[in-house]
Amino acid sequence: MRDLCRSFEDGLFFFHTTSFTASQTSSYKSCLGCLPKKVKNVRNPIFTGREDILSRMRKTIEPTKFPRHQSKLALIGIPGMGKTQIALEYAFESIDAGRYDIVLVAQAETKAKLVNSFVQFDDELGLKGYASKSTANSQTASRDRVKRYLEQTEKPWLIIFDNVEPPELTPGQSLDPQNDWSLAEFWPSGNRGSVLVTARKDTALGPPFQVSGGAIENVSGLRVNDSVDILFKISRIQDSRQNRRYAEQIYRMVAGHPFSLTTVASMISVKRIDFKEYIELFPNTRLFKEAKPITAPHSFYENSLSTSFWNAVVGIKHSEGHEDAWKLLELLSFLDPDGVSEKDLAEGSLGSQDLVLWQIVDSRQFEVNRSFLCENNAIDRNPNIKTILMHRMMQDYCHFIMTPESRQAAFDTAFTLINNLWPVSERHNRHQPRLWPDQERLSSHVVRLAELWMTSCRNHEGTYLYATVHFAELLHNCAWFVAPMAITSMLSLMIY
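So for the sequence shown, the UniProt record's numbering puts the first residue at 1; every next one is plus one.
Here you go:
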């Protein structure tokens, strides 16, 4: 969203506030009651899917359902998951449906951007005419004027705080009055209006959201059909049954990540290649390296794919006192993204001679490291079945920024973990159903390791992963259970 104010200058309003006398408040209300609702047509022309989320948003924050209650909803997800685009689509459809008389969108990555948004709203709405000379040009006064109006008006309104990223202090770091801030400073109090927040992690929401029980919508990847539609719309590749199969393979490569899909389709269009050629030439690590920022109409995201993920992990990688958390993330990046059992992590490290494995899953520190990664939305966790999940694009970005030495070390540690856990049947009796449940659970990790090893073999940029004969033996043992052609071909290539 590059410069929202100019993009929506005819009618998507952004407010920030100060205090008034009684007479000023009366005139102020009558002025704002006549605001136009027309919005320039800058709606994302390729917005696809998300009807399930939009439907829940209508039920959660629609003003007619909660006339005397400030409804709150947060869209949470990793970078590039489409949180901003979902919020804007809801704003546009709400204006079309007449749900709100006032819609405000504020950029909230930093305090400076948020303050600037409020100052621009104050100016465009003509609110300074109701301020005293001493406060007319005050940023704090601009913020308070808008807040006061929202707290008092009877008109239905929606404010969107987009991409909330309050600063985090490292141990020993002092507060900076210019940069330290809280969303509470800009949040209208009272029981009116609808507030929509987009953020990478729910810890950024703050007390105004958390205390009052706001709803959280975790935004995940697009469905396969929606992903395929985006690839065809942007790349302009001819729609055919064969091309759809390749498009579905790209969908699996990026796990339905919207920004990645948009980036891939744009690269295909620019480079004049087809889906099959992209799959053969571009592992996700190369995608991170070559992707550039995408301009409208395909995306309003000002960062490249690589930059957006770097902003998400830099606080983890360079956080003092959390070095083992980063090593845990590197380990998880080599395992099945759809679920790693915490019990397997603990049992696989028992008796292991791999000191790194023992160190990062040590029960005394594991919970701290896992919680730190969850708080930063690098991983997710299902507390009911004690399983850790990590998006495939987050995994691949970790591989992209690892040094060759750290990548090899994480691969070796992941292999050691799974190899320690794999139940091997006797050679004279491979058919042992009692081992199937454990083998089925672990086979997805073996397949992931094999995929990453194969990708490194095709990559000629110094990222080759070295594997021992013990890895070949693990593939062999897994093949007895899974027996897919993919495993067999990997094993044959490795032996060769």
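All C-beta atoms, glycine included, are put in the ideal place defined by N, C-alpha and C.
Just mark residue i as buried or exposed, buried being the case when its beta carbon has 16 or more other beta carbons within 10 Å.
i: residue 479; result: buried
i: residue 328; result: buried
i: residue 122; result: buried
i: residue 103; result: buried
i: residue 225; result: exposed
i: residue 19; result: Here the model assigns residue 19 a pLDDT of 33, short of 50, so the residue's position is not dependable and the matter cannot be decided.
i: residue 403; result: exposed
i: residue 419; result: buried
i: residue 371; result: exposed
i: residue 321; result: exposed
i: residue 281; result: exposed
i: residue 182; result: exposed
i: residue 55; result: exposed
i: residue 197; result: buried
i: residue 184; result: exposed
i: residue 330; result: buried
i: residue 270; result: exposed
i: residue 147; result: buried
i: residue 208; result: buried
i: residue 468; result: exposed
i: residue 144; result: buried
i: residue 91; result: buried
i: residue 337; result: buried
i: residue 63; result: buried
i: residue 364; result: exposed
i: residue 458; result: exposed
i: residue 111; result: buried
Just to confirm, is the Cβ distance from residue i to residue j under 8 Å?
i: residue 455; j: residue 283; result: yes
i: residue 348; j: residue 465; result: no
i: residue 201; j: residue 375; result: yes
i: residue 114; j: residue 120; result: no
i: residue 288; j: residue 400; result: yes
i: residue 244; j: residue 156; result: no
i: residue 59; j: residue 219; result: no
i: residue 360; j: residue 324; result: yes
i: residue 448; j: residue 345; result: no
i: residue 392; j: residue 195; result: no
i: residue 80; j: residue 350; result: no
i: residue 446; j: residue 378; result: no
i: residue 246; j: residue 227; result: no
i: residue 417; j: residue 355; result: no
i: residue 394; j: residue 78; result: yes
i: residue 256; j: residue 70; result: no
i: residue 74; j: residue 222; result: no
i: residue 415; j: residue 471; result: yes
i: residue 235; j: residue 268; result: yes
i: residue 477; j: residue 424; result: yes
i: residue 279; j: residue 249; result: yes
i: residue 508; j: residue 150; result: There is no way to answer for residue 508, as the model of the chain reaches only from 1 to 496.
Between which two residues does the beta strand (DSSP E) holding residue i run?
i: residue 273; result: First-last for residue 273: undefined, no H or E at that position.
i: residue 162; result: 157–164
i: residue 218; result: 215–218
Which residues mark the beginning and the end of the alpha helix (DSSP H) in which residue i is found?
i: residue 197; result: Run containing residue 197: none in the alpha helix (DSSP H); it sits in the beta strand (DSSP E), 194–199.
i: residue 114; result: 111–124
i: residue 107; result: Taken as a continuous stretch (DSSP letters only), residue 107 belongs to no alpha helix (DSSP H), being part of the beta strand (DSSP E) at 102–107.
i: residue 226; result: 224–235
i: residue 453; result: 436–458
i: residue 313; result: 305–317
i: residue 147; result: 139–152
i: residue 285; result: 284–290
Is the CB of residue i under 8 Å away from at least one CB in chain E?
i: residue 405; result: Reference to chain E is not applicable here, since this structure consists of a single protein chain.
Following a CB-centred definition, is residue i positioned closer than 7 Å to any heavy atom of the ligand PLP?
i: residue 415; result: Questions concerning the ligand PLP fall outside what the structure shown contains, since it holds no ligand whatsoever.
Original post:
Taking the runs of the beta strand (DSSP E) that are 3 residues or longer, which of them lie wholly in the segment 39–94?
Top reply: 71–76
Original post:
What runs of the beta strand (DSSP E), each 3 residues or longer, lie entirely inside the UniProt domain "DUF7779" (323–406)?
Top reply: Runs of beta strand (DSSP E) with 3 or more residues, each lying fully within the UniProt domain "DUF7779" (323–406), are found at 380–382, 387–389, listed in chain order.
Original post:
Can at least three beta-carbon pairs, one atom from the segment 387–398 and one from the segment 437–444, be found at a separation below 8 Å?
Top reply: The answer is no - the segment 437–444 does not touch the segment 387–398, with fewer than three Cβ pairs under 8 Å.
Original post:
Should the segment 180–189 be called in touch with the segment 228–247, which here means at least 3 C-beta pairs below 8 Å?
Top reply: no
Subject >> Cβ contact check for the segment 212–221 and the segment 237–245: 3 or more pairs under 8 Å >> reply: no
**OP:** Answer yes if the segment 85–94 comes into contact with the segment 156–163, meaning at least three C-beta pairs across the two stretches below 8 Å, and no otherwise.
**Re:** yes
Subject >> Complete runs of the alpha helix (DSSP H) confined to the segment 234–265 [at least 4 residues] >> reply: The qualifying runs are 241–254.
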